[in-house]
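A short write-up of the structure that comes next.
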DNA sequence: GGACATGGAAACCGATCGGTTTCCACCGGG
DNA sequence: CCCGGTGGAAACCGATCGGTTTCCATGTCC
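Residue numbers (the working numbering), protein chains in the order written: chain A, 1 to 200; chain B, 1001 to 1200.
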């Protein structure tokens, strides 16, 4: 029987190591990273890489996809929390500012991927677009719960703030101390979102 | 005497043709365009290209720099106009939305350059950063004239909206019908910028 | 008309890249 | 103890890329 593969000493399975390294390297260096560098960083041979994936692009897409749950879990407020919808929305922008404080922050990886690839039909672009859509969906449902006049509009506005702030911080044009949260709060106010009631 | 070079039949001087084509191609295809493609598009030999510039990167930087005056002239309100400062600020976001309506709009070229290069010290990144700074400067001085409570803060906020809206439109995640202008207006209101008086 | 500078076409060069293949070391199951 | 599957190291291949060079077809100035 082909053993189902347990955690090898050098880390997880080659696939995991590869995708982790890919996520990091693509983010840091861009789509242009040579496959050799990728494999070296992952401690994986090109042989293994190409029998796990069809192309470098496929690795890129898979790495983006794999990273999403973790990023989402960190970015979005935990669902079991007793926070009100307004605070839940602002929570995301606090996380964004926290991430942007990191000196080597390079902006949202999904934005970067789509900007670098330019081709929307690219496998990785599709994955990235889906990830971004999920964030807007979160914004919209929370905006609805929060009593926004036009939840769809507010969600789009928040997405613009999120991507704008993330991008500007990523290119070093801005350090965001409170900027993203302030802007989000201003837009929430203008959309008629009231303060959350006291935590129950 | 070395003739000072007049408009050749095939277009302007080789340098001009090269920079025009470079601006267009780098924007459309990204930093990865082969020099051959660049030269072919410009109708210029690599020989000429490399005796005009030191490297492809230098061409990139020069193309970005050369494009700026035209873009600025189109993006910013004409100075001789009798518009009030609030309208002058909103004018920029109307131009942005107009540009984003173009189906092949790919976002702000300076943002794209910095995102793709990632290296802030890159020649082209420096040019791009300077261009972006000039826009924020415009925002700040107009915000001051407009009576904003904190012109510096408002300018940073407007920059976030500008880059966020431009980027999202560029990656096809948003079509911006009125979104950018609305957001800018909301932020102007929150910053205490009054409506312009009647045109004198 | 002849000397000279300009500039395109294209061959060329070394390096690199995406992807394939070969070889071998190591593993668990019989 | 052998056997088949896994997977790393590394050679390898064709294509491409950034950059250089050679060659020649134009000019323009004297």
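Every residue, glycine too, gets a C-beta built ideally from N, C-alpha and C.
State buried or exposed for residue i, treating a residue as buried only when at least 16 other CB atoms are found within 10 Å of its CB.
i                       : result
residue 157 of chain A  : buried
residue 1133 of chain B : exposed
residue 946 of chain B  : Since the first residue shown for chain B is 1001 and the last is 1200, residue 946 of chain B is missing from the structure and cannot be characterised.
residue 142 of chain A  : buried
residue 1114 of chain B : buried
residue 1194 of chain B : exposed
residue 197 of chain A  : exposed
residue 1088 of chain B : buried
residue 1177 of chain B : exposed
residue 79 of chain A   : exposed
residue 1140 of chain B : buried
residue 1086 of chain B : buried
residue 1168 of chain B : buried
Quick one: grab the DSSP three-state call for residue i.
i                       : result
residue 79 of chain A   : coil
residue 179 of chain A  : helix
residue 33 of chain A   : coil
residue 169 of chain A  : helix
residue 192 of chain A  : coil
residue 1014 of chain B : helix
residue 174 of chain A  : coil
residue 163 of chain A  : helix
residue 45 of chain A   : coil
residue 964 of chain B  : Past the boundaries of the shown model lies residue 964 of chain B; chain B is included only from 1001 to 1200, so the question cannot be answered.
residue 1057 of chain B : helix
residue 1185 of chain B : helix
residue 1155 of chain B : helix
residue 146 of chain A  : coil
Work out the CA separation of residue j and residue i for me, nearest whole Å.
i                       : j                       : result
residue 1014 of chain B : residue 69 of chain A   : 51 Å
residue 23 of chain A   : residue 17 of chain A   : 10 Å
residue 179 of chain A  : residue 72 of chain A   : 21 Å
residue 1102 of chain B : residue 1027 of chain B : 14 Å
residue 1166 of chain B : residue 164 of chain A  : 8 Å
residue 57 of chain A   : residue 41 of chain A   : 17 Å
residue 1108 of chain B : residue 48 of chain A   : 39 Å
residue 182 of chain A  : residue 44 of chain A   : 45 Å
residue 94 of chain A   : residue 1029 of chain B : 34 Å
residue 65 of chain A   : residue 54 of chain A   : 16 Å
residue 1004 of chain B : residue 1012 of chain B : Any reading at residue 1004 of chain B needs caution, since the residue's pLDDT is 48, under 50, leaving its predicted position unreliable; the model's value is listed next. Taking the straight line from one Cα to the other gives about 12 Å.
residue 1075 of chain B : residue 1152 of chain B : 20 Å
residue 1147 of chain B : residue 1077 of chain B : 18 Å
residue 1082 of chain B : residue 99 of chain A   : 43 Å
residue 63 of chain A   : residue 1135 of chain B : 36 Å
residue 1096 of chain B : residue 1112 of chain B : 15 Å
residue 1006 of chain B : residue 172 of chain A  : Low per-residue confidence applies at residue 1006 of chain B: pLDDT is 47, beneath 50, and the placement is therefore not dependable, though the value from the model is reported in the following sentence. So the alpha carbons of these two residues sit roughly 41 Å apart.
residue 187 of chain A  : residue 149 of chain A  : 11 Å
residue 19 of chain A   : residue 1145 of chain B : 51 Å
residue 1009 of chain B : residue 1037 of chain B : Confidence is the limiting factor: at residue 1009 of chain B the pLDDT is only 48, short of 50, which leaves the residue's position unreliable, though a coordinate-based value still follows. The alpha-carbon atoms of residue 1009 of chain B and residue 1037 of chain B are separated by roughly 21 Å.
residue 21 of chain A   : residue 190 of chain A  : 43 Å
residue 170 of chain A  : residue 105 of chain A  : 6 Å
residue 1160 of chain B : residue 137 of chain A  : 21 Å
residue 121 of chain A  : residue 61 of chain A   : 12 Å
residue 1090 of chain B : residue 32 of chain A   : 38 Å
residue 1116 of chain B : residue 50 of chain A   : 26 Å
residue 1002 of chain B : residue 1052 of chain B : Confidence is the limiting factor: at residue 1002 of chain B the pLDDT is only 44, short of 50, which leaves the residue's position unreliable, though a coordinate-based value still follows. Straight-line Cα distance between these residues: approximately 16 Å.
residue 1192 of chain B : residue 1185 of chain B : 11 Å
residue 1110 of chain B : residue 1162 of chain B : 12 Å
residue 1127 of chain B : residue 1092 of chain B : 21 Å
residue 230 of chain A  : residue 1174 of chain B : Since the first and last residues shown for chain A are 1 and 200, residue 230 of chain A lies out of range.
residue 155 of chain A  : residue 39 of chain A   : 39 Å
residue 1046 of chain B : residue 130 of chain A  : 41 Å
With a threshold of 8 Å (Cβ to nearest heavy atom), would residue i be considered close to the ligand HEM?
i                       : result
residue 1071 of chain B : Here there are no bound small molecules, and the ligand HEM is not part of this structure.
- Task: Pull out every residue of the segment 1084 to 1114 of chain B whose Cβ sits closer than 8 Å to any Cβ of chain A, in chain order.
- Result: 1106, 1107, 1111, 1112, 1114
- Task: Report the residue ranges of all alpha helix (DSSP H) runs contained in full by the segment 1068 to 1142 of chain B; include only those spanning at least 4 residues, in chain order.
- Result: 1085 to 1101, 1109 to 1117
- Query: Residues in the segment 1127 to 1157 of chain B with C-beta within 7 Å of chain A's C-beta atoms, listed in sequence order?
  - Reply: 1129, 1132, 1156, 1157
- Query: Given a limit of 8 Å on CB to CB distance, which residues of the segment 17 to 49 of chain A reach chain B?
  - Reply: Within the segment 17 to 49 of chain A, the qualifying residues are 28, 29, 30, 32.
- Quick one, which residues of the segment 180 to 191 of chain A are near chain B if we go by CB-CB under 8 Å, in chain order? 180, 182, 183, 186, 187, 189, 190
- Query: Given a limit of 9 Å on CB to CB distance, which residues of the segment 61 to 72 of chain A reach chain B?
  - Reply: none
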